[in-house]
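Accompanying notes for the structure given below.
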Amino acid sequence: IDLRTTGVVDLLAGGQDAVAQPVQLRARVGDSELRFDGSTTDPLHVAGLRGTFSLSGPSLAAVGDPLGITLPATPAFRANGTLAKEAATWEANIADARIGASRLEGVFTYDTRRETPLLTGRLGGSRLLLSDLGPAVGAPAADDPDTRPTSASGRVIPDRPFDLPSLRRMDADVAVDIAELNTGTDVIEQLRPLRAHLLLADGVLTVSDIDARTAEGRLEGHLQLDGRARQAQWTADLHLRDVDLARWLKLERAAGTPPYVSGRLDGQVRVAGTGRSTAEILASLDGGLRMHVRDATLSHLLVEAAGVDLAQALGLAIRGDAALPVLCNVADFGIDNGVARPKAFVIITRDSTIWLDGSVSLRTETLDLRAVVSPKDFSPLSLRTPVHVRGSLREPAVSLELNRLAGKAGAAALLA
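Residue numbers (my numbering): 26 to 441.
Shown next as C-alpha cells:
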C-alpha cells in the first residue's frame, strides 16, 4: 500500500477548519489493484475523501471480502469512477465496470453507521451475461477453462457450497435496470431490458418485481434465497407471458418457408428447494412448470420427422413445407424431490397427436423420456415408432424403439 499527499497535514484542524489535501493511493493485494487520485481533509482517518478511482481483480468477491461488503463471485473485472467518503458513509459512482463480458455501471452508497452496514443504489449497464454470475452459484467462470467440470460422472449442475454467512454481513437495497440480460445462447432472443428490485435483509436475498421483455412478451416474478439457516431455502415464482415463439426461437429456415413453430407462449414455474449448493437445492426441488401456446402452428416437416414418416417428409421436401395449425397443446410438469414428470404433455394437430411421458431427474442429472406420435392418416412407409431421450443432462441420447421399428419396416415392405 502506497499513500502519498503533497500538502501539509494539519493534525489539529478538524470539521470546517480542515483543509483538503491532495492524496494519491496505490494498493495491491494479491491480484487485486486499487488506484485513487483525489483529496482528503484527514488522510489518517480517510475522511473528507473525494476523487477518482480504478479497481481491478480476479473477482468482485475477492475485493469485497476484506471490506466486509457482500459481492458475488465473478470472473476477472475492472472498474472506474468517482469515490467520496463523509464520516461513515461511502459514495461510489461507477462509470464503467467490465466483469467478464458484462458491461455495467451504477451509483451506490455504503453506510457503515448501522450495526449491519447497508448498501443502497442503482445498478445499470448495457449488458449482463448470465454466465458472469455463474461463479456466484458455484459454476465455473465462462472465461476460465481450467475450472470447468472434469468429473467422469459428467455432472453439469454446480455443487460448490454457498457462502451463506456472507449474506448476513450486510444489507442491501438496489434497483436493477439493465439494457440486456444475455443468457449465453444464440438459440433464443435475449431479455431486453431487465428491471428488478434486489433486497438483502437479515440474510435473506430477494429479487422481486422482475420485469423483463423478450420477443414482444415479458417475464415477471420473484426469486428468494433465505440464508439464515444452515441450509438455504430457495423459492422461485416466474411467469412468461405472450412471447412470440417464431421470434424467440432463433432457428434458421430457408427463405420463404414458415417457422418450425409459432404462436404466443405463456408459462409459469413455481418451485422451492433446500440445500447448501445449487445441486442440493435442485435435487430437493418441489413444484411445477406449466406452458401453453396460443394460436400455435408447427412445421409439417417437423411433425412428420417426429413420426419418422419417410414418404410424407420426402414429398413435403419436394413441394415445400407448410404451417400446420395446432388444435390443442399443453405441457404440465410436476416436480417432486428433484424429479420432473409430465402430468400432461400433448400436442394435437390435424395430422398427428404427440404424447410425452417419462422423467427428468435433477437429482441424478438423467433423462428418461418417451415421445409417441399417433398419426391420423396412413402412409405405406409410415414408421410411427416411439422416440426415447435418455442419458445424462450433459450427453442426452435420442433413439428409436428398434423392435417396433423393425416390425413396422417389415410390414411396410409387404405392402410395397
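Ideal Cβ positions, reconstructed from N, Cα and C, are used throughout, including at glycine.
Do the segment 92 to 99 and the segment 183 to 200 make contact, defined as three or more Cβ pairs closer than 8 Å?
At 8 Å Cβ cutoff, the stretches touch.
Going by the beta-carbon positions, is the gap between Ser424 and Val412 smaller than 9 Å?
For the pair Ser424 and Val412, the CB atoms are nearer than the 9 Å cut-off.
Contacting residues, own chain, Cβ-Cβ under 7 Å from Thr393 (five flanking each side not counted):
Correcting the residue type first, residue 393 is Asp in the shown sequence and not Thr. Closer than 7 Å at the Cβ level, and outside the excluded window around Asp393, lie Gly383, Ser384 and Arg415.
For the alpha helix (DSSP H) that Ile306 lies in, which residues bound it at each end?
First-last of the alpha helix (DSSP H) with Ile306: Thr303 to Ala308.
Can you tell me whether DSSP reads Gly89 as helix, strand or coil?
Note: Gly89 maps to helix in three-state DSSP.
Cα-Cα separation, Gly246 to Arg29:
If you draw a straight line from the Cα of Gly246 to the Cα of Arg29, it is about 50 Å long.
How is the beta strand (DSSP E) around Leu387 delimited, first residue to last?
In the DSSP annotation of this structure, Leu387 is not part of any beta strand (DSSP E), being labelled neither H nor E.
To the nearest whole angstrom, what separates the beta carbons of Asp267 and Asp291, a pair I think is in contact under 8 Å?
Distance from Asp267 to Asp291 at the Cβ level is roughly 7 Å; contact confirmed, criterion being Cβ atoms closer than 8 Å.
Just checking my contact of Ala261 with Leu248 at CB under 8 Å: how many whole Å lie between their CB atoms?
Indeed they touch by this definition, with Cβ atoms about 5 Å apart.
Over what stretch of residues does the alpha helix (DSSP H) that includes Arg185 continue unbroken?
No alpha helix (DSSP H) contains Arg185, which DSSP labels as neither H nor E.
Taking its Cβ as the centre, do 16 or more other Cβ atoms sit within 10 Å of Gly298, making it buried, or is it exposed?
Buried, since its Cβ has 16 or more Cβ neighbours within 10 Å.
Completely contained alpha helix (DSSP H) runs for the segment 195 to 234, where each covers 4 or more residues
The segment 195 to 234 contains no whole alpha helix (DSSP H) run of 4 or more residues.
Report the residue ranges of all beta strand (DSSP E) runs contained in full by the segment 112 to 158; include only those spanning at least 3 residues, in chain order.
114 to 124, 127 to 136 and 143 to 154, all fully within the segment 112 to 158.
Bridge partner(s) assigned by DSSP for Asp354
Correcting the residue identity first, residue 354 is Asn in this sequence and not Asp. In the DSSP assignment, the residues bridged to Asn354 are Ile372.
Report the CB separation of Arg319 from Gly288 in whole angstroms; it is logged as a contact under 8 Å.
Taking the Cβ atoms as the reference, Arg319 lies roughly 6 Å from Gly288, within the contact range of under 8 Å.
Output the boundary residues of the beta strand (DSSP E) element that contains Leu50.
Where Leu50 is concerned, the enclosing beta strand (DSSP E) stretches over Gln46 to Val54.
Taking all protein chains shown into account, decide if Gly422 is buried (16 or more other Cβ within 10 angstroms of its Cβ) or exposed.
Per the sequence shown, residue 422 should be read as Ala rather than Gly. So Ala422 ends up on the exposed side.
Please classify Ser324 as buried or exposed, where buried requires at least 16 neighbouring CB atoms within 10 angstroms.
By the beta-carbon neighbour count (other beta carbons within 10 angstroms, threshold 16), Ser324 is buried.
Decide if Val44 is buried, meaning its Cβ has at least 16 other Cβ atoms within 10 Å, or exposed.
Result: exposed.
I'd like to know if the segment 113 to 132 and the segment 148 to 158 are in contact, where contact means that at least 3 CB-CB pairs between them fall below 8 Å.
Contact between the segment 113 to 132 and the segment 148 to 158 is established, with three or more Cβ pairs separated by less than 8 Å.
Taking the beta carbon of Val286 as the centre, do at least 16 other beta carbons fall within 10 Å, making it buried, or is it exposed?
So Val286 ends up on the buried side.
Alpha carbon to alpha carbon, what distance is there between Asp376 and Val351?
Distance between the alpha carbons of Val351 and Asp376: 10 Å.
Tell me where the beta strand (DSSP E) around Ala271 begins and ends.
DSSP places Ala271 outside any beta strand (DSSP E); the residue lies instead in the alpha helix (DSSP H), whose first and last residues are Leu270 to Trp273.
Limits of the unbroken beta strand (DSSP E) element including Asp62
Under the DSSP assignment, Asp62 falls in the beta strand (DSSP E) whose first and last residues are Ser57 to Thr65.
Span separating the alpha-carbon of Leu265 from that of Arg315:
Near 10 Å, if we compare the C-alpha coordinates of Arg315 and Leu265.
In the DSSP assignment, the beta strand (DSSP E) including Ala297 goes from what residue to what residue?
That run of the beta strand (DSSP E) goes Val286 to Gly300.
Tell me where the beta strand (DSSP E) around Leu74 begins and ends.
Its beta strand (DSSP E) spans residues Leu74 to Gly82.
Counting C-beta neighbours from all protein chains within 10 Å, is the total for Thr141 16 or more, i.e. buried, or is it exposed?
Exposure of Thr141 is indicated by the presence of fewer than 16 other C-beta atoms within 10 angstroms of its C-beta.
What is the DSSP secondary structure of Leu430, reduced to helix, strand or coil?
Note that Leu430 scores a pLDDT of 49, beneath 50, so its modelled location is shaky; the value from the coordinates is reported in the next line. Note: Leu430 maps to helix in three-state DSSP.
Exposed or buried, which one is Lys401 when buried takes at least 16 other CB atoms within 10 Å?
Counting Cβ neighbours within 10 Å, Lys401 comes out exposed, since fewer than 16 surround it.
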